[in-house]
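Notes for the one structure printed next.
Numbering (our numbering), first residue to last: -13 to 121.
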């Protein structure tokens, strides 16, 4: 039972990732980079983003550098702590994030539309329960 559940979870994740990656490619983003833009729009510090995403800081730093070079992010001095830099989405990054969110929502909505509203709420509750110890 546990193996089947895990296999189905991985298969669904792979299917969604393939669909999302194919749609995000023309924007110049991967799914993980789109997620990072979303997180950075709410938490402008790479270390906070790494924690929120459960990724190693060097991985996030590498992605940040690529997104900066591509013009999606800009670095600025933190006005409250001049020794610290924070990141902000550029207009290009904000447009790409809005488009990425729409594409990702469409991809998931096609699958989630098979579920009743109560089933979607239950699925969200169950995912949250499975994640409890991860943070």
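Glycine included, C-beta positions come from ideal geometry on N, C-alpha and C.
Query, Result
"Could you check which residue in 65, 26, 64 has the C-alpha nearest to that of residue 46?", "26"
"Going by alpha carbons, who is nearest to residue 23 out of 56, 5, -8?", "56"
"Could you check what DSSP says for residue 41 in three-state terms: helix, strand or coil?", "coil"
"According to DSSP, simplified to helix, strand and coil, what is residue 23?", "helix"
"Can you list the alpha helix (DSSP H) stretches of 4 or more residues lying completely in the stretch 35 to 99, in chain order?", "43 to 55, 77 to 98"
"Do residue 33 and residue 43 have their CB atoms nearer than 8 Å?", "yes"
"Indicate the three-state DSSP secondary structure (helix, strand or coil) for residue 30 in the structure shown.", "coil"
"Taking all protein chains shown into account, do 16 or more other C-beta atoms lie within 10 angstroms of the C-beta of residue 79, making it buried, or fewer, making it exposed?", "buried"
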